[in-house]
Amino acid sequence: MKLRLHVHRAFTGGWCADIDDDNDRQPDNPYWCVDQWPTLHDAITAGCTQLAEFATSHHLARVDEQYTLQAA
4 MKLRLHVHRA FTGGWCADID DDNDRQPDNP YWCVDQWPTL HDAITAGCTQ LAEFATSHHL
64 ARVDEQYTLQ AA
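Number 31 in the working numbering belongs to position 28 of the sequence shown; there are no gaps in the numbering.
What follows is the structure, given as structure tokens:
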């Protein structure tokens, strides 16, 4: 699976970051996301750190799956 980091400018200021794969490029249900980072550098650093953690993970859950598992 190829994961990608997507960083973009938030409408309310700051930066948003999410990690998704090539099979679902829409950011509606990523593996990881954070809505607001104050700087572009912060967003990229956090995203790269999370990608490194995912590299050693055997099971990746999308955000919706994580909330479902926590509620159970």
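Beta carbons: idealized from backbone N, C-alpha and C, even for Gly.
Where residue i falls: helix, strand or coil (DSSP)
i   : result
H9  : strand
D21 : strand
T48 : helix
A75 : No answer about A75 holds up, because its pLDDT of 46 lies below 50 and its placement is not dependable.
Outcome for residue i when other beta-carbon atoms lying within 10 angstroms are tallied against a minimum of 16
i   : result
Q39 : exposed
G16 : exposed
D23 : buried
Nearest-angstrom Cα separation, counted from residue j out to residue i
i   : j   : result
P41 : K5  : 27 Å
H62 : T52 : 17 Å
A49 : W18 : 11 Å
Neighbourhood of residue i by C-beta, 6 Å cutoff - its chain only, sequence neighbours within 5 removed
i   : result
A46 : V10, W18, A20 and W40
L43 : W18
Residues that residue i bridges to, as DSSP identifies them
i   : result
V98 : Residue 98 lies beyond the range of the chain shown here (4 to 75); nothing can be said about it.
Sequence-distant residues of the same chain with beta carbon closer than 7 Å to residue i, five excluded per side
i   : result
A75 : Residue confidence for A75 is low, a pLDDT of 46 falling below 50, so the modelled location carries little weight; the figure read from the coordinates is stated next. Excluding sequence neighbours, A75 sits near nothing in its chain.
Cβ-based neighbour list, residue i, same chain, cut-off 8 Å, excluding 5 preceding and 5 following
i   : result
L54 : L6, L8 and I22
A13 : C19, D38 and Q39
V66 : N32, P33, Y34, W35 and C36
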